[in-house]
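To keep things clear, I will list the structure first and then write my remarks on it.
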């Protein structure tokens, strides 16, 4: 896969294009990309995915709170590379760019700059200023430019149309199994190990306190999780706690992320860890005594080891 930052110097052969945010590159996205690849093969062309950076919500909805996403741009690039596409075009999204109409985007970029032969879009895809470009208007604009447009139906799982928003909602509500199934892989995030209060060590279960590497990366709901921990070339089993630690920090209310790596006692302060979520074990709970907490942690460890196989 060749990555292009912008579209000014592209020289492509019979490009078949799809475009969107592709947050998480989930199974619904992969259904679109699968058709993109087969269509490119049919016309002996090249498969092209267009995406945008930063995420449009960071530009257009900056006053509505902190939006969170399933994938960083680096993660998105790696996930898309794994699909087998030929080209990834990353367009810088700005307030000025957001004012481009759908018809201008089709003519000036898809037709004139990229030379698109076919355009593959999802069932609910909109683009252009105010999201006014829907399937029917896009098909009309593109048809005038000699571009064939094909719309892909939404991919369903147990009655739910798989989408980035459904997956984000699942993670926020503690439905990790659904989220992982719809993603087609186990959700993960990266964080830097920072110094904490060493409460876990005092209890006999040393933990690494993590500061998420990207402030816009979604952190799942509070609770205890069975996880895999990647540090460099090593992958280790562990369990992760997300929450306010109500048993030992009763007045804090500050949400933290801590991971206990099984059978590991190395020095990892300042290191970057990747946390891969395998199973949600339980909700966060406040215990009356630290002895009760320790007993529950031992149960959590057993359950985590079973979940990790």
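Numbering (our numbering), first residue to last: 58 to 366.
From the three backbone atoms N, C-alpha and C, an ideal C-beta is built for every residue, glycine too.
Three-state secondary structure (DSSP) of residue i
i	result
residue 337	strand
residue 182	coil
residue 75	strand
residue 195	helix
residue 316	strand
residue 190	strand
residue 213	strand
residue 332	strand
residue 82	coil
residue 207	strand
residue 70	coil
residue 177	strand
residue 351	helix
residue 311	coil
residue 356	helix
residue 325	coil
Beta-carbon gap between residue i and residue j smaller than 8 Å
i	j	result
residue 198	residue 251	no
residue 273	residue 126	yes
residue 361	residue 338	yes
residue 253	residue 279	no
residue 209	residue 89	yes
residue 110	residue 58	no
residue 159	residue 189	yes
residue 60	residue 132	no
Candidates the options, of which the one nearest residue i by Cα
i	options	result
residue 129	277, 82, 363 and 146	82
residue 10	217, 218 and 165	The requested residue 10 does not occur in the structure, where the chain is confined to residues 58 to 366.
residue 70	232, 311 and 171	171
residue 297	271, 333 and 186	333
residue 242	285, 142 and 203	285
residue 73	222, 131, 100 and 84	100
residue 233	217, 312, 328 and 336	336
residue 266	327, 178 and 203	327
residue 215	290, 355, 236 and 206	236
Euclidean distance between Cα positions of residue i and residue j
i	j	result
residue 78	residue 156	17 Å
residue 374	residue 263	This structure gives no information on residue 374, because the portion of the chain shown stretches from 58 to 366.
residue 146	residue 105	7 Å
residue 63	residue 103	17 Å
residue 247	residue 151	27 Å
residue 184	residue 323	49 Å
residue 182	residue 118	19 Å
Identify every run of the alpha helix (DSSP H) within the segment 86 to 155, keeping only runs that are complete inside it and at least 4 residues long; order them along the chain. 113 to 117, 130 to 138 and 152 to 155
Would you mind listing the alpha helix (DSSP H) stretches within the segment 216 to 303 that are 4+ residues and don't spill past its ends, in chain order? 221 to 229, 233 to 240 and 256 to 260
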